[in-house]
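Peer 1:
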Amino acid sequence: MSENATRYRYPLFFVGSFLMLIMAFFLHFGVEVPELYVETVVLIGFVLFVLSMVVGLGSKE
Amino acid sequence: MYKTERKQGWFPEFTELNWRFWSFVLLLVMSLGALTWFPVIGTFEGYTDPFYSPTLLVIPLIAAFRLSCYAYRKDYYRHVFKHPQACAAGIREGKNGESRGYSGEKGFFALNNYHRYFLYVGLAILPFFYYDFAVSMFYQPGYFIFRLGSILLIVNALLLTLWTISCHAFRHIFVRGQLDCFSCSLGGKTMKKLYDGQSFLNRHHEEFAFISLIIVVGVDLYIRALIAGLPVDFTFLKLAI
Numbered sequence: 449m450s451e452n453a454t455r456y457r458y459p460l461f462f463v464g465s466f467l468m469l470i471m472a473f474f475l476h477f478g479v480e481v482p483e484l485y486v487e488t489v490v491l492i493g494f495v496l497f498v499l500s501m502v503v504g505l506g507s508k509e
Numbered sequence: 003m004y005k006t007e008r009k010q011g012w013f014p015e016f017t018e019l020n021w022r023f024w025s026f027v028l029l030l031v032m033s034l035g036a037l038t039w040f041p042v043i044g045t046f047e048g049y050t051d052p053f054y055s056p057t058l059l060v061i062p063l064i065a066a067f068r069l070s071c072y073a074y075r076k077d078y079y080r081h082v083f084k085h086p087q088a089c090a091a092g093i094r095e096g097k098n099g100e101s102r103g104y105s106g107e108k109g110f111f112a113l114n115n116y117h118r119y120f121l122y123v124g125l126a127i128l129p130f131f132y133y134d135f136a137v138s139m140f141y142q143p144g145y146f147i148f149r150l151g152s153i154l155l156i157v158n159a160l161l162l163t164l165w166t167i168s169c170h171a172f173r174h175i176f177v178r179g180q181l182d183c184f185s186c187s188l189g190g191k192t193m194k195k196l197y198d199g200q201s202f203l204n205r206h207h208e209e210f211a212f213i214s215l216i217i218v219v220g221v222d223l224y225i226r227a228l229i230a231g232l233p234v235d236f237t238f239l240k241l242a243i
């Protein structure tokens, strides 16, 4: 993975985990959110989270 | 060109007899099997399962926080991979005496560098355990009920808090662990006291890591026992409010 790509690992991680966490909080407090919406947002969050891990493997830090 | 006899696989533990590693793999498979086999508990009589708090959606983040924790790292490097076995020990040698070199936080294990970011996630989730403790006492409208399960929930919350705030990354980020000189910076004396307090907790980080893990599983089993109808709960106090 090039260094150009690895610089995006933390933004990807933050956005991905934020999306997963915000949906988790909604569910915990019983906020009514359409199921499809929750699943889609969590899936996007998880993909970004995994992508950040993959991109991070190229880090030399 | 001279070639050595070295056979350095990417992950030699899979190809050699190492009971620690394979018992770890067995434990992992059994745990994943148990998670798949037994249905997930949400809440039961006011008790929220710690695995479900805030929801199962964040389990990958929490798992990553645990796995990248310095305490767990020490244990899986030393006792599972045996690579390296100790700080001052030489690098591990293979069956034929070949050197393996130290891979440390390189390659796949570069992901351990994310630990400080998983810490933010851990901190975001902590208040939910206290919220669940409060819910367990006020789940019946008009009543305050204090039960054995509530004590377990608060013990679980406190141990998770101790584990999180005794983290090495927490010291670096929140109590100025990155400073070289406290007296040279603004509010250095106060920060040094906080740093010393956190360092005291940090010395017990490994204990907190494992005890909190056991308690989380214990609370989950306790709630499962309640669902199964075992008489393990005890009400200490029930007040109408």
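Protein sequence lines correspond, in order, to chains A and B.
Take the first sequence: its letter number 30 is residue 478 in the working numbering, and every next letter is one higher.
Take the second sequence: its letter number 175 is residue 177 in the working numbering, and every next letter is one higher.
Every residue gets a Cβ at the ideal spot worked out from N, C-alpha and C, and that includes glycine.
(1) Is the CB-CB distance between residue 2(B) and residue 162(B) below 9 Å?
(2) Helix, strand or coil for residue 236(B) per DSSP?
(3) With a cut-off of 8 Å, do at least 3 Cβ pairs link the region 455-470 of chain A to the region 495-506 of chain A?
(4) Exposed or buried, what is residue 3(B) when buried is set at 16 or more other beta-carbons lying within 10 Å of its beta-carbon?
(5) Would you grab the beta carbon distance between residue 201(B) and residue 131(B) for me? Rounded to a whole angstrom, and I think it's under 8 Å.
(6) Using a beta-carbon distance below 9 Å, is residue 62(B) in contact with chain A?
(7) Along the region 463-482 of chain A, where does the CB come closer than 7 Å to a CB of chain B? Name the residues.
(8) Between residue 499(A) and chain B, is any beta-carbon pair separated by less than 9 Å?
(9) Classify residue 498(A) as buried or exposed, calling it buried when 16 or more other Cβ atoms lie within 10 Å of its own Cβ.
(10) State yes or no: is the C-beta of residue 475(A) within less than 9 Å of the C-beta of residue 486(A)?
(11) In the DSSP assignment, the beta strand (DSSP E) including residue 149(B) goes from what residue to what residue?
(12) Just to confirm my understanding: we take residue 191(B), look at its own chain, exclude 5 residues before and 5 after, and list those with CB closer than 8 Å. What are they?
(13) Could you check whether the region 214-224 of chain B touches the region 169-188 of chain B, counting it as contact only if at least three pairs of C-beta atoms, one from each stretch, sit closer than 8 Å?
(14) What's the gap between the Cα of residue 64(B) and the Cα of residue 34(B)?
(15) Can you confirm whether the region 112-124 of chain B touches the region 42-57 of chain B when touching is taken to mean that 3 or more C-beta pairs between the two stretches lie within less than 8 Å?
(16) Quick one: what does DSSP say residue 241(B) is sitting in, helix, strand or coil?
(17) Could you list which residues in chain A have their beta carbon closer than 7 Å to that of residue 130(B), in chain order?
(18) Using C-beta distances below 7 Å, list every residue in its chain close to residue 240(B), excluding the 5 sequence neighbours before and after it, in chain order.
(19) Output the distance between the C-alpha atoms of residue 305(B) and residue 67(B), rounded to the nearest integer angstrom.
(20) Among 79(B), 168(B), 25(B), 143(B), which has the Cα closest to the Cα of residue 206(B)?
(21) Given this structure, state the Cα-to-Cα distance separating residue 483(A) from residue 490(A), to the nearest angstrom.
(22) Is there at least one Cβ from chain B nearer than 9 Å to residue 458(A)'s Cβ?
(23) What number of angstroms, rounded off, separates the C-alpha of residue 21(B) from the C-alpha of residue 89(B)?
(24) Alpha carbon to alpha carbon, how far is residue 211(B) from residue 164(B)? Give it in angstroms, no decimals.
(25) Which residues, in order along the region 106-125 of chain B, keep a beta-carbon less than 7 Å from a beta-carbon of chain A?
(26) Suppose the cutoff is 7 Å on Cβ atoms and the five residues either side in sequence are ignored; what does the same chain contact list for residue 492(A) look like?
(27) Of all the residues that make up the region 40-65 of chain B, which are near chain C by a beta-carbon distance shorter than 8 Å?
(28) Return the chain-ordered list of same chain residues with a C-beta closer than 7 Å to the C-beta of residue 46(B), the five sequence neighbours on each side being excluded.
(29) Taking DSSP as the reference, what is the three-state secondary structure of residue 46(B)?
Peer 2: A quick look at the data gives this:
(1) An answer regarding residue 2(B) cannot be provided, because it is not within the stretch 3 to 243 covered by chain B.
(2) coil
(3) yes
(4) Low per-residue confidence applies at residue 3(B): pLDDT is 49, beneath 50, and the placement is therefore not dependable, though the value from the model is reported in the following sentence. Residue 3(B) is exposed by the Cβ-count criterion.
(5) With 8 Å as the limit, residue 201(B) and residue 131(B) do not qualify as a contact, their Cβ atoms being about 25 Å apart.
(6) yes
(7) 465, 468, 469, 471, 472, 473, 475, 476
(8) no
(9) exposed
(10) yes
(11) 145-149
(12) 184, 185
(13) no
(14) 15 Å
(15) no
(16) strand
(17) 476
(18) 145, 147
(19) Residue 305(B) lies beyond the range of chain B shown here (3 to 243); nothing can be said about it.
(20) 168(B)
(21) 11 Å
(22) yes
(23) 22 Å
(24) 9 Å
(25) 110, 112, 113, 115, 116, 119, 123
(26) 467
(27) Among the protein chains of the structure shown, namely A and B, there is no chain C.
(28) 225, 228, 229
(29) strand
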